[in-house]
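Trainee:
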Amino acid sequence: MRSVTLAREASPSGLLATVVTSFQLLYVLSPIQVIVVQIDESFVGVIKQLPGVLAVIPDVLHKVHTTRSWDFLELERNGAATGAWKDAAKYGVDAIIGNVDTGVWPESASFKDDGYSVPSRWRGKCITGNDTTFKCNNKLIGAGFFNLGFLASGLLQGKPPSQAAELYTPRDYIGHGTHTLSTAGGGFVPDASVFGHGKGTAKGGSPLARVAAYKACYAEGCSSSDILAAMVTAVEDGVNVLSLSVGGPADDYLSDPIAIGAFYAVQKGVIVVCSASNSGPQPGSVTNVAPWILTVGASTMDRDFPAYVTFGGVTSSMTIKGQSLSNSTLPQGQRYAMINAKNANAANVPSENSTLCFPGSLDSDKVRGKIVVCTRGVNARVEKGLVVKQAGGVGMVLCNYAGNGEDVIADPHLIAAAHVSYSQCINLFNYLGSTDNPVGYITASDARLGVKPAPVMAAFSSRGPNPITPQILKPDITAPGVSVIAAYSEAVSPTELSFDDRRVPYNIMSGTSMSCPHVSGIVGLIKTKYPDWTPAMIKSAIMTTAITGDNDSGKIRDETGAAATPFAYGSGHVRSVQALDPGLVYDTTSADYADFLCALRPTQNPLPLPVFGDDGKPRACSQGAQYGRPEDLNYPSIAVPCLSGSATVRRRVKNVGAAPCRYAVSVTEALAGVKVTVYPPELSFESYGEEREFTVRLEVQDAAAAANYVFGSIEWSEESESDPDRKHRVRSPIVAKTTCG
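Note that UniProt numbering has the sequence shown beginning at 1, numbered continuously upward.
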């Protein structure tokens, strides 16, 4: 199956019929001149040669990137809304947030429409398919489903009819889409919790926004053509924020359907927010890295759900801290025998399998009545507890391996359980190996606020550098993505396991899928306050006001406890209130992005993207034209991956604060082995919207010290004689290295 990008004057079916004997036309996406067809792979080469065909792109499968957070993001203080959230941004009342995901559970209290009306600019529909019970309203104003690419993939073959029916409705049968959409734009719902844990008022970042659900993801994944069709439809419907907690690997922007759809959205003034993916901490694992996408990593917030594991004798016991949301508890005052899952393997099962508590790997005779210590990895965390329960165990301690470090997650386990960090588990494993009769106990979990340090980068959050263009730093930002409570589908259990018959209206989930909609909700606030701002201006406001420190007077750290870098958090942790008043912004147009692409491939003629000139013809790159360098794109961060001798990059900032005003620059964090000089050192603005240019010169002073990536930052600080309290700070991270490749 292929997506074919056509010139504007081309006729889709007539064009293909000249060379292809049989094909199925799935989508005609006229606004971006793309058709999606199912064809035999043998025809791809000849189709590429047809006049009017700009590109032929394979359809691939993508994956989704799976309450207290708004207080942590400073939109609330002690449960009360700040003036910036309530008055300046009006709770995002003018935003329409579209979510491309697994659909939505429309009956959720997060989508009640009391006091809402449908904006007159809305052009979308509520396409319910075969689901007569699905209803949109004045809050959930649009819904649809996109399944033609998925159906053509053949993944549905052999599935039960009930699963096939799920493809013909926007209803969420997985929970992921309901969770992400309510995080971005869900309304106020008091007393929300998961099994009584984390009780509070659930709400999205833009709680008064209208929302629309575009279902393009299913249990087996998301077809890229379905995602692209959903994105184009959302833009045409009239959303002004598009959120996608989904993605997949790509080696070229011009063949990445999400990048293509996002480019079209940005041309239409719609900002696109995407998750960075969950393949961390592997370097270069970040996805959704096009510069016109706002890419979000995941980190913790200052709330956790501690459950404690006590082991050893009564007079010589040790207690270690874990995390859990289990609603199963052990009787107090009783100690249970413990066993390392490695030593609990069933007959003919290798200990490597039982260590990870794979299904069928444990011997009931060894496990019955005991607390089993499993190791994290491969299969789902909650599944491991189920395996222990089925083997007769009474509890589970889930231990990280070294790669997970201190990164622990609260899950709604089916058994008394605690997820414990690698460093803490070393003590536990040492104890298990030191005695023939180990005993222990797991406490019930409870919510705790004000946890320090926070934020901490999640181990799973994908890292930079950008695998396509390292001259663009990715991810852009980090936001809460660990143990996030939000609305959920009541068609599925909180563990997503088929034999778990529990149902909850709100659930706790972790992933960059959860951090992405936090930023989408904040984008809705900015869009409400500044309806005329471009996507690049909104993105800049979020990035340049971010913070790289934690709530314990230190730097943001990673899962090992070491200081994290911009390859983990981008510009830093998002700050909602400051993003509503950034002072200066870096603006970038779609023409700038087209020049960026031409700088990457100057002979591309024309670009296989929805980039059209005033004459309606596709934008082409002219050989010999001066497009600059990729690192000169007017981006809020700076990356120079192959610094030899010296390099100078150019930037342009626009005043969006009071005028007149003056800013002075400082190198707030020096790069090891590299001297940074900014010229001019001061910028003056006489009016709102005025722009000024500056250069940043990087000069190698110690090539060996910067052979691997080094990190620093510059900051423009406002200086106001008439109003000393007016102090905008506009920060940009810098990454560089002196070696190439």
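From the three backbone atoms N, C-alpha and C, an ideal C-beta is built for every residue, glycine too.
Hey, how far is the Cα of G200 from the Cα of Y506?
Mentor: The alpha-carbon atoms of G200 and Y506 are separated by roughly 11 angstroms.
Trainee: Compare the C-alpha of K90 against each of V523, S553, C661 and name the closest.
Mentor: Closest option to K90, Cα to Cα, is V523.
Trainee: Would you kindly work out how many angstroms separate the C-alpha atoms of S225 and E41, rounded to a whole number?
Mentor: Cα-Cα distance, rounded: 16 angstroms.
Trainee: Please work out which residues of its chain come closer than 6 angstroms, Cβ to Cβ, to T565, disregarding the five sequence neighbours upstream and downstream, and give them in chain order.
Mentor: F711, listed in sequence order.
Trainee: Quick one: Cα of V273 to Cα of Y635, how far?
Mentor: So the two alpha carbons sit approximately 16 angstroms from each other.
Trainee: CB-CB under 8 angstroms to G333, same chain, minus the five flanking residues each way: which ones, in chain order?
Mentor: So the list is empty, once near-sequence residues are dropped.
Trainee: I'd like the ranges of any beta strand (DSSP E) spanning at least 3 consecutive residues and lying wholly in the stretch 234 to 294.
Mentor: The stretch 234 to 294 contains these whole beta strand (DSSP E) runs: 241 to 244, 271 to 275.
Trainee: Please state the DSSP three-state secondary structure of A7.
Mentor: Interpretation of A7 is limited by its pLDDT of 48, a score under 50 that renders its predicted location unreliable; no figure is taken from the coordinates.
Trainee: Would you report the Cα separation of E406 and Y422, rounded to the nearest angstrom?
Mentor: Spanning the two alpha carbons is a distance of roughly 6 angstroms.
Trainee: Out of Q163, F150, Q33, K203, which one is the CA nearest neighbour of A486?
Mentor: Of the listed residues, the one whose Cα sits closest to A486 is K203.
Trainee: Under the three-state reduction of DSSP, which class applies to L16: helix, strand or coil?
Mentor: The answer is helix: DSSP assigns L16 an H, G or I state.
Trainee: Counting only C-beta atoms, is G673 closer than 8 angstroms to chain C at any point?
Mentor: No chain C is present in this structure, which holds just one protein chain.
Trainee: From the DSSP output, read off the bridge partner residues of K63.
Mentor: Bridge partners of K63: G247.
Trainee: Go ahead and pull the three-state DSSP assignment for P535.
Mentor: Of the three classes helix, strand and coil, the one that applies to P535 here is helix, per DSSP.
Trainee: Candidates S299, M543, V678, A344: which alpha carbon is nearest residue 752's?
Mentor: Absent from the structure is residue 752, since the part of the chain shown begins at 1 and ends at 741.
Trainee: Pull up the DSSP beta-bridge partners for M396, would you.
Mentor: Bridge partners of M396: V372, A417.
Trainee: Count the other C-beta atoms from every protein chain shown that fall within 10 angstroms of the C-beta of F134, then say buried if there are 16 or more, exposed otherwise.
Mentor: Looking at its Cβ environment, which holds 16 or more other Cβ atoms inside 10 Å, F134 is buried.
Trainee: How far does the beta strand (DSSP E) with H179 in it extend, from its first residue to its last?
Mentor: Taken as a continuous stretch (DSSP letters only), H179 belongs to no beta strand (DSSP E), being part of the alpha helix (DSSP H) at 176 to 185.
Trainee: Measuring alpha carbon to alpha carbon, tell me which of Y336, M301, Q471, D304 ends up nearest T310.
Mentor: Per the Cα distances, Y336.
Trainee: Tell me, to the nearest whole angstrom, how far the beta carbon of A165 is from that of F305; I am working on the premise that it is less than 8 angstroms.
Mentor: About 36 angstroms separates the two Cβ atoms, so there is no contact after all.
Trainee: Reducing DSSP to helix, strand and coil, say where G673 ends up.
Mentor: G673: coil per DSSP, three-state reduction.
Trainee: Is L148 helix, strand or coil when you go by DSSP?
Mentor: DSSP places L148 in helix when its eight states are reduced to three.
Trainee: Rounded to whole angstroms, how far is the Cβ of M338 from the Cβ of P438, which I believe are closer than 8 angstroms?
Mentor: Right, their Cβ atoms sit about 4 angstroms apart.
Trainee: Measuring CB to CB, does S245 end up less than 8 angstroms from S182?
Mentor: Result no, Cβ atoms of S245 and S182 do not sit closer than 8 angstroms.
Trainee: Using the Cα positions of F23 and L242, report the straight-line distance between them to the nearest angstrom.
Mentor: If I take the Cα positions, the gap works out to 32 angstroms.
Trainee: Would you check if the distance between the CB atom of T668 and the CB atom of Y679 is smaller than 8 angstroms?
Mentor: Against a cut-off of 8 angstroms, the Cβ pair of Y679 and T668 comes out as no contact.
Trainee: Going by alpha carbons, who is nearest to G583 out of C661, T560, W122, R650?
Mentor: Checked all of C661, T560, W122, R650; the closest Cα to G583 is C661.
Trainee: Could you check what DSSP says for P733 in three-state terms: helix, strand or coil?
Mentor: If DSSP states are grouped into helix, strand and coil, P733 belongs with the strands.
Trainee: Residues in its own chain within less than 7 angstroms of V451 by CB, not counting five upstream and five downstream?
Mentor: Taken in chain order, the residues that qualify are D302, R303, D304.
Trainee: Are T102 and G129 touching if we call contact CB-CB under 8 angstroms?
Mentor: No, the pair does not count as a contact, with Cβ atoms beyond the cut-off.
Trainee: Is the Cβ-Cβ distance between R376 and L398 less than 8 angstroms?
Mentor: In this structure, L398 lies closer than 8 angstroms to R376 by Cβ.
Trainee: Just verifying my parser: in three-state terms, what is the DSSP assignment at N130?
Mentor: Coil, per DSSP.
Trainee: Quick check on D191: buried or exposed, where buried means 16 or more other Cβ atoms within 10 Å of its Cβ?
Mentor: With fewer than 16 other Cβ atoms within 10 Å, it is exposed.
Trainee: Pull up the distance between the alpha-carbon of A55 and that of V36, whole angstroms please.
Mentor: About 12 angstroms.
Trainee: Three-state secondary structure (DSSP) at I96?
Mentor: Here I96 sits in strand by DSSP.
Trainee: Should V665 go down as buried or exposed, given a rule of 16 or more other Cβ atoms within 10 Å for buried?
Mentor: V665 should be labelled buried.
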